[in-house]
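Quick note on numbering: the sequence shown equals residues 381 to 1194 in my numbering.
No residue lacks a Cβ here, since even glycine has one placed at the ideal position from N, Cα and C.
Note that the structure is predicted; figures quoted are calculated from it, not measured.
Here the structure comes first, spelled out in structure tokens, and everything after it is commentary.
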Amino acid sequence: MHGRGLGILLTVSAALVGCDKTAPAAIDAGADASSDGGSVDAAVDAALDAAIDAPVIEVPDTDPPHILGVTPTGDAWLHEPVRFELDEKIVATSLTVTATVAGSPVSATASIVTGALDPDGHAIVVAIDPAARGVGALAITVTGSVTDLAGNVLTEALTTELSLAAWNVPPVDRGVAADSPSIAIAATGEVTAAWLVGVPGSRLVAVSRHERGAWVSLGTLRGTADASSASVALDALNRPVVAWIQGGQAQTERWDGNAWEWLASPGAGTTVALAAAPAADPVIAVVGSVVSVKKLVTDTWVQVGGDLAIAGTPVGEPALAATVGDRIAIAWVEDSGGSLRATAHRFATSWTAMTPLALGSATSRISIAARGPTVAIAWERWDRSYGVYAAIASGDATTTWTALGRPLDVDQPGDAVAPAIGLDVSGAPIVAWEELIEGTQRGAIARWDGSAWRVVGGRTWMTTESQPTRTMLALHEGQAPVVGWSTGGVVHIAHLNGPALGGPGMSARTSIAGCTVNPNTPPARVMLTGCFTLASAGKPVPHAGLVPYDVNAELWTDGTKKRRWIALPDGAAMTSAANGSWVGPAGTMMVKEFAIETTPGDSSTRKVVETRFWINDPTNGWMGITYRWRQDGLDADVLSDQAVTVAWPLANGGSYSHYYPSRTQCRSCHHSSFGPILGLRPEQLTRMFDYNGIIAEQLPTLSQLGIAPSTAGTPLPSPHDPRETPTNRVRSYMAANCAHCHNASYISIKDTRFTTPLAQTRLCEVIIPGDPVNSRLHQLVTTRPGMPALGTLIVDPLSADLISTWITQMTSCP
């Protein structure tokens, strides 16, 4: 038996040491038998009393404390507490922690923690600096004086090693998840989450906390009927407070450490949100006929300012944030006659309305964050595809939003959606979002550095074929991100370990050996080129030496989905031409794939229809070779120097006609005045890219691979960005779709390069300000044959809308 610092008391019978047996009998003098609980023999009674009165001998505790276990084990989150559990209460002085991640030191502290999670002071808890990031092995050693209360010294080593992946996603299961988890993080690193589980009509609220390396259920499922709109926050004592809607009323409860205690309803509504500033009690927003915001004071919800009016019909979940000084920010989406807008208010000493944000007419979700006098907001918006946008308002009196950089959109033709925003400890916005990239759902996260968005972490936090729910985001101590979502009825909560900022998407080029096309005698089938293998019919896999890339403003090819690759001779690099494009040496191949969705909008039906090579031949210069895929998707056949159109059947019984250009037509567009490589220009390549699950900046990656002659550029405005001026959107579109022909050195009747002043483009010759229908420019882009003259059979609805809007708003040109 181990001692516990107080010694062991041994009672020795007086009979064994020759004590007088008669003296103790006087203790019971005058007492009847019933006082002993029955008839007890006097001699026996005397012996019992003698034992009580016998001398006591204390045996010292000489056994040292022992380590019972360490949590977590195995895969871990860098910022969850690491606990060394001992078998008795301990005293520790001068504790020092040595911690390394992948061999590099990180700051950490150690202490004996008491409180709800450690009531007996039996554990030494190590906390890693919230600013630390890293992947690999986390090694921890604690040194110092550790004793029990008797002064016995711990002789066992306080050391452990954990494994840190880029994202730690510990499993949690409380039933079929029906929504994303609301997340709250204690300063000590414990994560609490609340979400809906069950099927429509009988949904309840699950609340769990991640502690000691595992998810722990906090009581039973909450609610008694069909619940909705679950949210969670921590009060000033780090106690979880949960809220949800049930029967048209907001319900709230608080966890006391052992059970849920009921709090009075803050009011009627259809949606609800909770938020809390650090070490402060939570605030709640209840959205019904009005928006009511209240703060928890002891056990009562107290109104904050007056109710906020709703002009239209509220749509979706509200967004709420709280920060120091009782500052609050709230936003919601409302529908006013089919037009959506984000309405936001901020509170310092009273409510102040922010300038509404136009969201278009398609579904849009928002998120809001606050830190001190700064408020940040993020939203999704549809404009031929979804993009994620963010803005900031600094200062308590500021009511207007300042847009933050370009859209957050890794794959611009795809949909970037469901943003969640936070403000880190420095006040910089951090946004997490979801994006469908070539049929796979990815999770990305980026930080605003004051001038541009920078990828955080790099590795995607989500890879799934299923449709995810909205993104949820919380920052531990204003730093390390924790992201939540659900897919297929399973809830996921991912903790970022590192790195802090993303690096290159690829570290080195693979040899291109085995992938080759002689444009003078091209292989009859694309599978003979060695540049592709087949994963399944219609889904080719590129050779490892093909380096992928994408552009900011793409060439319209009748709505086809594209993939692009660079193939340089081993050891070769590109150079910059005087016209701003990059030039590859002899042997360079540019490869582009064209695919359709046989059910438009369903990425699982994607099917490749064409693979095109643009090759720098040592003898004949740049030459184009086109392969037409077979209907069975098992191979593609080389085409001769003749343009053809092929109909591809669609699932709805219709068809899509794809235009395959001739080799001569390839050279017609890839003219040396702008190319001969069209898309490889800094303004087109300055963007993010998905390198098989690693989200990275494209130009630095191409530089890392020894391809890029430049590492920075000013990106073209996105034609999809509704925040850009109509002029910038149109000029960017024309730079991608027209400038390779219409420039000062080729077909110079127009010069549509982005850098050419409008007055010098000669576009005004074909524009009637305010009258798009009768403007020749609009007529050309909205008809076929028209412009572009080659490579397209279908009018691009984006260009038609952009040019119509641009001309309509003109009062003069230029």
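Going by DSSP, what residue range makes up the beta strand (DSSP E) through residue i?
| i | result |
| --- | --- |
| Leu996 | The question names Leu, but residue 996 in the sequence shown is Asn. Note, Asn996: beta strand (DSSP E), Arg986 to Asp997. |
| Val790 | Val790 -> no beta strand (DSSP E), and no H or E assigned at all. |
| Thr489 | Ala488 to Ile492 |
| Tyr767 | Correcting the residue identity first, residue 767 is Gly in this sequence and not Tyr. Unbroken beta strand (DSSP E) run through Gly767: Tyr766 to Ser774. |
| Ile757 | Thr754 to Trp762 |
| Gln683 | Thr680 to Gln683 |
| Arg463 | Val462 to Leu466 |
| Ala594 | Ala594 to Ser597 |
| Arg589 | Leu584 to Glu591 |
| Met1003 | Gly1001 to Trp1009 |
| Trp833 | Trp833 to Val835 |
In this structure, does DSSP put residue i in helix, strand or coil?
| i | result |
| --- | --- |
| Ala709 | strand |
| Asn1117 | helix |
| Arg827 | strand |
| Gln1022 | coil |
| Arg554 | coil |
| Ala409 | Low confidence applies here, because Ala409 scores a pLDDT of 40, under 50, leaving its location unreliable and the question unanswered by this model. |
| His1158 | helix |
| Glu1104 | coil |
| Pro698 | strand |
| Arg1109 | helix |
| Pro799 | strand |
| Ser1196 | Nothing about residue 1196 can be reported from this structure: the residues present for the chain run from 381 to 1194 only. |
| Val515 | coil |
| Val906 | helix |
| Leu1143 | helix |
| Leu643 | strand |
| Leu881 | strand |
| Ser609 | strand |
| Leu1138 | helix |
| Ser983 | helix |
| His1038 | strand |
| Lys674 | strand |
| Ile690 | coil |
Checking 7 Å against the spacing of the C-beta atoms, do residue i and residue j come in under that value?
| i | j | result |
| --- | --- | --- |
| Leu584 | Ala613 | no |
| Val1157 | Arg764 | Correcting the residue identity first, residue 1157 is Leu in this sequence and not Val. Not closer than 7 Å, so no. |
| Asp661 | Asp615 | yes |
| Ile1005 | Ala573 | no |
| Val447 | Leu466 | Position check: residue 447 holds Ile in this sequence, whereas Val was assumed. Contact flag set, yes. |
| Glu714 | Gly685 | no |
| Leu518 | Val477 | no |
| Ile504 | Ala488 | no |
| His1051 | Tyr1126 | yes |
| Phe974 | Val963 | no |
| Gly869 | Ala557 | yes |
| Val622 | Ile1075 | no |
| His1120 | Leu1170 | no |
| Gly718 | Ser741 | yes |
| Val486 | Ala507 | no |
Since residue i sits in a beta bridge, which residues does DSSP pair it with?
| i | result |
| --- | --- |
| Leu853 | Val863 |
| Ser484 | Val481 |
| Ala722 | Val713 and Leu737 |
| Ala648 | Gln629 |
| Met970 | Ile946 and Trp994 |
| Pro928 | Trp945 |
| Met1068 | Glu1077 |
| Phe912 | Pro922 |
Starting from residue i, trace the alpha helix (DSSP H) in both directions and tell me its first and last residue.
| i | result |
| --- | --- |
| Ala1180 | Pro1177 to Gln1189 |
| Glu1063 | Pro1062 to Leu1065 |
| Pro920 | First-last for Pro920: Lys919 to Pro922, but that is the beta strand (DSSP E), not the alpha helix (DSSP H). |
| Gln1078 | Gln1078 to Gln1084 |
| Thr1044 | Arg1043 to Cys1049 |
Flag this pair as touching only if the segment 1125-1144 and the segment 714-728 have three or more C-beta atom pairs under 8 Å; answer yes or no. Judged by pairs of C-beta atoms under 8 Å, the segment 1125-1144 does not touch the segment 714-728, as fewer than three such pairs exist.
**Message:** Would the segment 891-900 count as touching the segment 532-545 if we require 3 or more Cβ pairs under 8 Å?
**Reply:** Of all C-beta pairs linking the segment 891-900 to the segment 532-545, fewer than three are shorter than 8 Å, placing the two stretches out of contact.
Any contact of the segment 945-958 with the segment 1096-1115, i.e. 3+ C-beta pairs under 8 Å? The answer is no - the segment 1096-1115 does not touch the segment 945-958, with fewer than three Cβ pairs under 8 Å.
How do the segment 740-748 and the segment 690-703 stand: do at least 3 beta-carbon pairs fall below 8 Å, yes or no? Segments in contact, yes.
Could you tell me whether the segment 843-850 touches the segment 818-832, where touching means 3 or more Cβ pairs closer than 8 Å? The way I'd put it, the segment 843-850 does touch the segment 818-832; three or more beta-carbon pairs between them come closer than 8 Å.
Could you say if the segment 823-840 and the segment 715-722 meet the contact criterion of at least three C-beta pairs nearer than 8 Å? Here the segment 823-840 makes no contact with the segment 715-722; the two share fewer than three CB pairs at distances below 8 Å.
Would you say the segment 920-928 touches the segment 1019-1035, given that touching needs at least three Cβ pairs under 8 Å? With a cut-off of 8 Å, the segment 1019-1035 and the segment 920-928 do not count as touching, because too few Cβ pairs lie within range.
| task | Would you be able to state if there are at least three C-beta pairs under 8 Å between the segment 900-919 and the segment 767-780? | result | Flag = no, the segment 767-780 and the segment 900-919 do not touch.
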